[in-house]
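Novice: For what it's worth, UniProt numbering labels the leading residue of the sequence shown as 1, then goes sequentially.
Beta carbons are placed, not taken as given, at the ideal position from N, Cα and C, and that holds for glycine.
I am attaching a structure below and will ask some questions about it afterwards.
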Amino acid sequence: MLQKMQTIKIDRPAKKVAIRFPKCPRSGNKVVEVENLGKVYEENTVFSNLNFTLHHGEKVGLVGINGAGKSTLSRLISKREKPTFGTMHIGYKVNLAFFSQESSQNLNYLHSIWQEISTTSSSMTTSERRSLLGAFLFPGEDIYKSIDILSGGEKSRLALVKILMQES
């Protein structure tokens with residue numbers, strides 16, 4: 001006769017990512033300046049006549065409904081796309097890095113974690129690279145795992161590691 005097994009709960013401490021952003025060189029006061037910016041896809045005007053200036057030290061959140069242009073504006077500022085009209089100026093000593101929901105799609109799934117970060121241009125030493133990977137929960141021998149077996153969250157963390165390794 002079959003009997004139901006008793007469930008045993010094992011308490012495990014949750015793993016936490018320990019992110020420390022490296023200190024960047026001081027930029028100019030104007031970080032991004034946008035004048036009369038607009039983006040049109042075929043017949044769809046995403047936004048037009050957008051004007052703003054972001055200053056050093058300011059923090060900004062883009063909030064809006066789906067299709068409002070948040071991702072489009074992010075791609076324009078990061079120079080992944082060109083505006084249809086208007087001008088945009090990136091300030092003195094400003095280096096941009098961009099992380100999006102699609103960032104993990106840019107990984108080479110045939111690489112191991114270590115091979116993938118080795119393709120990133122960085123002045124980091126091997127020890128610093130291993131330390132950064134460990135901080136993002138890729139310790140020890142895990143760095144030799146193939147990217148194609150990683151979960152979606154692990155791929156996103158790896159994409160973020162690659163961005164943090166850039167000189168930005």
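Can you give me the C-alpha to C-alpha distance between G67 and F85, rounded to a whole angstrom?
Specialist: 19 Å
Novice: To the nearest whole angstrom, what separates the beta carbons of I77 and V46, a pair I think is in contact under 8 Å?
Specialist: Not confirmed; about 14 Å, so no contact.
Novice: Give me the Cβ distance between S27 and Y92, rounded to the nearest whole Å; I'm assuming they're in contact under 8 Å.
Specialist: Indeed they touch by this definition, with Cβ atoms about 6 Å apart.
Novice: Can you name the start and end residues of the beta strand (DSSP E) that V40 belongs to?
Specialist: The continuous beta strand (DSSP E) containing V40 extends over residues K30 to Y41.
Novice: V17: buried (16+ other C-beta within 10 angstroms of its C-beta) or exposed?
Specialist: exposed
Novice: Inspect the CB distances between the region 52-66 and the region 113-125 and report whether three or more fall short of 8 Å.
Specialist: Verdict: no, contact absent.
Novice: List the DSSP bridge partners of I90.
Specialist: V32
Novice: Please identify the residue among P83, F99, E141 and F98 whose C-alpha is closest to the C-alpha of V40.
Specialist: P83
Novice: Flag this pair as yes or no: are the beta carbons of A135 and I19 separated by less than 9 Å?
Specialist: Yes, Cβ-Cβ distance for A135 and I19 is below 9 Å.
Novice: Could you pull out every residue in the same chain whose Cβ sits closer than 6 Å to the Cβ of S122, ignoring the five residues on either side in sequence?
Specialist: M165
Novice: Look at the alpha carbon of E35 and the alpha carbon of N29, and state the distance between them as a whole number of angstroms.
Specialist: 17 Å
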